[in-house]
Ligand code: NAX
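In the UniProt record's numbering, the protein residues as written are 2 to 328.
Have a look at this one:
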């Protein structure tokens, strides 16, 4: 049987952690033949550490055959030791009265420390997914703080936006979500993201042609996908957790095991594709194979799309400028 791989998860006692860890341990992320060792990180706070102990008791009680070990940590230098995968979920949420700059600074501190720890102790091929918000900018900070690791291995989660868009399109076209291909989401994981179905098909038919309604695209579809997180908070009183965990599983599974030629959306550092300045962590369409992703190139960008991409890029550049002095 395969040698266990190490999977670090931060914010492990949080909502997303609770929806995520059991699925990783059951083999849904890395395959039903891949044993895993979970290296869980929480803040040193006693309440968080106790909650983490409770989650670990439940993981033990699942008796997952693939779960080869569980560790609880409060220090990233221990949690990231030799880790092959790192899911950075824990982040500082915006508190009452907290300014945007304060939020960026608090997260810059967390992701600088975690990037440095990954740089010091993780596997040299560690695959990093940042879920904690602002996800793209946090991934950028971690990447910049880990100069000895490949920059391309730092990614941000746009997959929830991608999956939300797919589900809206399936409903609109009356087709199955599993039949939708060649969908993508450009940009920042925020309401400015641009979910783009111009190339998408369902059962091989062009979704754009089926819908044929640019007003619906601009005034219904994009706002619905962009504000879906807020709609879930309004309905549930809590932010999306199970769907976020599911998206994290999808992102890592496709990266590790391949997308079989299909497009998926990942937030990855640009190499200048589509005029996005190099280094910016941006949602792109990618295909994945043999543990590597490749940005889909050569897509035509029409005027409406360019406007949307410019808007989400400007927001990301603003975030990046806001943390530059901290790196
Ligand atoms: P919770 O507040 O339930 O859990 C976060 C956990 O992280 C807490 O237990 C906290 O103690 C821990 N934590 C905080 N700082 C830490 C640090 N420096 N090291 C280790 N652990 C730390 O939040 P949850 O609902 O689980 O959401 C987690 C993050 O995901 C938030 O930043 C949230 O905004 C973000 N999201 C990102 C999404 C995406 O698509 N990229 C969607 C869902 C979600 O909103």
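Where is the CB? At the ideal position from N, CA and C, for every residue including glycine. Just so it is clear, the structure is predicted and the values come from calculations on it, not from any experiment.
Apart from the five residues on each side of it in sequence, which residues of its chain come closer than 6 Å, Cβ to Cβ, to residue i?
i	result
residue 240	234
residue 259	289, 290
residue 105	323, 324
residue 16	242
residue 132	90, 158, 249
residue 213	none
residue 27	65
Could you tell me the alpha carbon to alpha carbon distance between residue i and residue j, rounded to whole angstroms?
i	j	result
residue 176	residue 204	8 Å
residue 323	residue 157	18 Å
residue 317	residue 311	10 Å
residue 56	residue 2	27 Å
residue 265	residue 207	17 Å
residue 159	residue 75	27 Å
residue 31	residue 292	11 Å
residue 139	residue 103	14 Å
residue 167	residue 5	33 Å
residue 195	residue 73	38 Å
residue 125	residue 80	15 Å
residue 190	residue 228	11 Å
residue 78	residue 200	43 Å
residue 246	residue 18	7 Å
residue 129	residue 137	12 Å
residue 112	residue 211	43 Å
residue 170	residue 286	17 Å
residue 51	residue 134	24 Å
Buried or exposed: residue i, going by 16 or more other Cβ atoms within 10 Å of its Cβ?
i	result
residue 146	buried
residue 313	buried
residue 59	exposed
residue 267	buried
residue 178	exposed
residue 217	exposed
residue 326	exposed
residue 100	exposed
residue 255	buried
residue 63	exposed
Closer than 7 Å by C-beta to residue i: which residues in its own chain qualify, once you throw out the five before and the five after it? Chain order, please.
i	result
residue 7	38, 40, 83, 84, 85
residue 230	240, 241
residue 49	14, 43
From the DSSP output, read off the bridge partner residues of residue i.
i	result
residue 87	9, 129
residue 40	9, 72
residue 155	129
residue 265	287
Worksheet item: Unbroken beta strand (DSSP E) runs of length 3 or more, entirely within the segment 162-221: which are they?
Response: Unbroken beta strand (DSSP E) stretches of 3 residues or longer found wholly inside the segment 162-221: 185-187, 195-197, given in chain order.
Worksheet item: Taking the runs of the beta strand (DSSP E) that are 3 residues or longer, which of them lie wholly in the segment 231-258?
Response: Contiguous beta strand (DSSP E) elements confined to the segment 231-258 do not occur, taking only those with 3 or more residues.
Fill in: Segments of 3+ residues assigned as beta strand (DSSP E) that fall wholly inside the segment 267-296
Entirely contained in the segment 267-296, the beta strand (DSSP E) runs reaching 3 residues are, in chain order, 282-290, 293-296.
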